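Participant: Keeping their order, the protein sequence lines are chains A and B. Numbers 177 to 439, taken from this note's numbering, label the letters of the first sequence in order. Numbers 205 to 276, taken from this note's numbering, label the letters of the second sequence in order.
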Amino acid sequence: MTAQQDIRADTWTVAGRTFTSRLIVGTGKYKSLEDNAAAVEASGAEIVTVAVRRVNISDPNQPRLTDFIDPKTTTYLPNTAGCFTAEDAIRTLRLAREAGGWTLVKIEVLGEAKTLYPNMRETLRATEVLVKDGFEPMVYCVDDPIAAKQLEEAGAVAIMPLGAPIGSGLGIQNRVTIRLIVEGAGVPVLVDAGVGTASDAAQAMELGCDGVLMNTAIAEAKDAVLMARAMKAAVEAGRLAYLAGRMQKRRYADPSSPLAGLI
Amino acid sequence: MSLDGSLGVRVNGEHKRFEGGMTIAEMINQLGLDPLRVAVERNLEIVPRSTLGEVCVEDGDDFEIVHFVGGG
Numbered sequence: 177m178t179a180q181q182d183i184r185a186d187t188w189t190v191a192g193r194t195f196t197s198r199l200i201v202g203t204g205k206y207k208s209l210e211d212n213a214a215a216v217e218a219s220g221a222e223i224v225t226v227a228v229r230r231v232n233i234s235d236p237n238q239p240r241l242t243d244f245i246d247p248k249t250t251t252y253l254p255n256t257a258g259c260f261t262a263e264d265a266i267r268t269l270r271l272a273r274e275a276g277g278w279t280l281v282k283i284e285v286l287g288e289a290k291t292l293y294p295n296m297r298e299t300l301r302a303t304e305v306l307v308k309d310g311f312e313p314m315v316y317c318v319d320d321p322i323a324a325k326q327l328e329e330a331g332a333v334a335i336m337p338l339g340a341p342i343g344s345g346l347g348i349q350n351r352v353t354i355r356l357i358v359e360g361a362g363v364p365v366l367v368d369a370g371v372g373t374a375s376d377a378a379q380a381m382e383l384g385c386d387g388v389l390m391n392t393a394i395a396e397a398k399d400a401v402l403m404a405r406a407m408k409a410a411v412e413a414g415r416l417a418y419l420a421g422r423m424q425k426r427r428y429a430d431p432s433s434p435l436a437g438l439i
Numbered sequence: 205m206s207l208d209g210s211l212g213v214r215v216n217g218e219h220k221r222f223e224g225g226m227t228i229a230e231m232i233n234q235l236g237l238d239p240l241r242v243a244v245e246r247n248l249e250i251v252p253r254s255t256l257g258e259v260c261v262e263d264g265d266d267f268e269i270v271h272f273v274g275g276g
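Below, the structure is given as structure tokens:
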């Protein structure tokens with residue numbers, strides 16, 4: 177791709193599905209479903225993560241997510257957030273497949289409530305079982321290049337390392353490992369979790385990631401819709417900077433104006 | 205089964221009673237829900253949506269009825 181080409185020609189593909197937007201957004205923590213839908217619209221995201229939960233049988237007429245974000249035009253990515261064992265994650269995604277017919281899913285198996293760090297042993301086990309069962313899992317994981325390789329070998333269709341703990345907004349803590357994962361992966365890599373503000377998202381893209389997934393950074397911004405716009409711009413800016421190829425860093429100054437012809 | 209022929213089941217952890225001979229789809233409708241918008245697990249096994257209108261509710265069944273909600 178050259179600078180003259182439109183950014184819209186720069187697509188990415190996961191499990192045979194091609195997308196233009198490299199920003200995936202969550203649908204949790206919003207003040208209302210209206211706010212949520214407006215933020216998704218402003219973010220330009222084509223994929224949203226969703227959770228699978230019990231219907232409220234005492235109040236069946238509560239507003240539904242599907243009435244605000246249309247699953248026909250926005251790809252729902254069912255997620256296993258809140259699962260702490262492979263069995264829970266497998267059960268959840270089998271139900272998700274029945275609820276919507278999707279095989280493209282996100283596996284997230286957590287290790288403990290305090291850090292919400294992934295339990296990689298359980299994550300790998302869930303990946304193996306679900307791939308055998310016909311799923312195409314995008315997998316949330318630690319920022320470990322070896323774990324990423326193992327997930328890819330197990331059939332993960334995308335690797336989604338954390339930048340920092342879920343909901344922390346601390347930004348990418350280890351650029352070295354994210355970069356190593358990107359270099360080693362044969363499937364898309366998306367930073368998932370830890371993004372706090374626009375520069376964090378741009379940084380993920382500058383490291384060569386195929387995309388970024390975030391929820392809290394938008395949902396908990398004072399103005400969620402404005403932050404969604406900022407994140408859209410940041411992901412595009414970071415992607416363009418990556419494609420453009422940044423200048424080399426120097427230890428000292430280098431003048432921008434010619435030295436010849438100085439008066 | 206009770207003397208009046210009604211069935212005692214659990215739905216999402218709550219005890220409920222339904223008439224005998226009812227299909228799962230009918231039970232979901234009676235709960236005020238749309239069978240096309242939910243996924244159903246019966247005694248830990250998924251009931252395919254295509255069979256919700258055929259499978260009958262049995263006394264003692266334990267149902268989980270789920271749908272998509274906002275999440276990260």
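Beta carbons are placed, not taken as given, at the ideal position from N, Cα and C, and that holds for glycine. None of the values given here were measured: they were computed from a predicted structure.
Where does V281(A) sit, in a helix, a strand or coil, going by DSSP?
Facilitator: For the purposes of this step, residue 281(A) is taken as residue 105 along the first sequence, with counting starting at 1. Collapsing the DSSP output to three states places V281(A) in a strand.
Participant: Run the CB neighbour count on M407(A), radius 10 Å, all protein chains shown included, and call it buried at 16 or more, exposed below.
Facilitator: Walking along the first sequence from the start, residue 407(A) turns up at place 231. The residue is buried, with at least 16 neighbouring Cβ atoms inside 10 Å.
Participant: Distance cutoff 8 Å, beta carbons only. Does G414(A) sit that close to anything in chain B?
Facilitator: The count along the first sequence starts at 1 and reaches residue 414(A) at position 238. It does not: the Cβ of G414(A) has no partner Cβ on chain B nearer than 8 Å.
Participant: If you check the beta carbons only, do T303(A) and A323(A) fall under 8 Å apart?
Facilitator: Residue numbering aside, residue 303(A) sits at position 127 when the first sequence is read from its first letter. Residue numbering aside, residue 323(A) sits at position 147 when the first sequence is read from its first letter. 8 Å or more divides the Cβ of T303(A) from the Cβ of A323(A).
Participant: Can you give me the start and stop residues for the alpha helix (DSSP H) that Y418(A) sits inside?
Facilitator: As a working note, residue 418(A) is residue 242 in the first sequence. Here the alpha helix (DSSP H) through Y418(A) covers A400 to A420.
Participant: How would you list, in chain order, the residues of chain A whose beta-carbon sits under 9 Å from the beta-carbon of P237(B)?
Facilitator: Reading the second sequence from its first residue, position 33 is the one you call residue 237(B). According to the sequence shown, residue 237(B) is Leu rather than Pro. Chain A residues near L237(B): V231, I233 and P236.
Participant: How would you list, in chain order, the residues of chain A whose beta-carbon sits under 9 Å from the beta-carbon of R241(B)?
Facilitator: As a position in the second sequence, residue 241(B) is number 37, starting the count at 1. Correct list: V231, R240, T242 and A275.
Participant: Please name the residue, chosen from E382(A), R405(A) and R427(A), that lies closest to A420(A) on a Cα-to-Cα basis.
Facilitator: Reading the first sequence from its first residue, position 244 is the one you call residue 420(A). The shortest Cα separation from A420(A) among E382(A), R405(A) and R427(A) belongs to E382(A).
Participant: Would E274(A) and P252(B) qualify as a contact pair, given that the criterion is a beta-carbon distance under 8 Å?
Facilitator: For the purposes of this step, residue 274(A) is taken as the residue at position 98 of the first sequence. For the purposes of this step, residue 252(B) is taken as the residue at position 48 of the second sequence. Cβ distance < 8 Å, so E274(A) and P252(B) count as in contact.
Participant: Starting from G202(A), find everything on chain C with Cβ-Cβ shorter than 8 Å and list it in chain order.
Facilitator: Going by chain labels, chain C is absent from the structure shown, which instead holds the protein chains A and B.
Participant: Along the chain, where does the alpha helix (DSSP H) that runs through V358(A) open and close?
Facilitator: As a first step, residue 358(A) is located in the first sequence; it is residue number 182 there, counting from the start. Element bounds for V358(A): R351 to G360.
Participant: Find the residues of chain A that neighbour R221(B), judging by a C-beta separation of less than 9 Å, and give them in chain order.
Facilitator: Stepping through the second sequence from its first residue, residue 221(B) is reached at position 17. The premise fails here: R221(B) is roughly 13 Å from chain A at the closest Cβ pair, so nothing lies under 9 Å.
Participant: Whole angstroms are fine: how far does the CA of A417(A) sit from the CA of Q424(A)?
Facilitator: In the first sequence, the residue the question calls residue 424(A) occupies position 248. In the first sequence, the residue the question calls residue 417(A) occupies position 241. Looking at the two C-alpha atoms, the distance is approximately 13 Å.
Participant: Should R214(B) be flagged as near chain A, meaning a C-beta pair shorter than 8 Å?
Facilitator: Stepping through the second sequence from its first residue, residue 214(B) is reached at position 10. Cβ-Cβ to chain A under 8 Å: no for R214(B).
Participant: With a 10 Å radius around its C-beta and 16 neighbouring C-beta atoms as the bar for buried, classify V190(A) as buried or exposed.
Facilitator: Here residue 190(A) is taken as the residue at index 14 of the first sequence, counted from 1. V190(A) should be labelled buried.
Participant: How big is the Cα-Cα spacing for V244(B) and V215(B)?
Facilitator: Indexing the second sequence from 1 puts residue 244(B) at position 40. Indexing the second sequence from 1 puts residue 215(B) at position 11. Going by the C-alpha atoms only, they are around 10 Å apart.
Participant: Comparing the C-beta of E268(B) with each C-beta of chain A, is any distance below 8 Å?
Facilitator: Sequence index remark: in the second sequence, residue 268(B) carries index 64 (1-based). With 8 Å as the cut-off, E268(B) counts as an interface residue toward chain A.
Participant: Helix, strand or coil for F244(A) per DSSP?
Facilitator: If you number the first sequence from 1, residue 244(A) lands on position 68. F244(A): helix per DSSP, three-state reduction.
Participant: Using a Cβ-Cβ cut-off of 8 Å, state whether E245(B) counts as contacting chain A.
Facilitator: Looking up residue 245(B) in the second sequence gives position 41. Among the residues facing chain A, E245(B) is included, as its CB has a counterpart in that chain under 8 Å away.
Participant: For a test of the three-state rule: what should DSSP assign to V305(A), helix, strand or coil?
Facilitator: To locate residue 305(A), count along the first sequence from 1; it is residue 129. DSSP places V305(A) in helix when its eight states are reduced to three.
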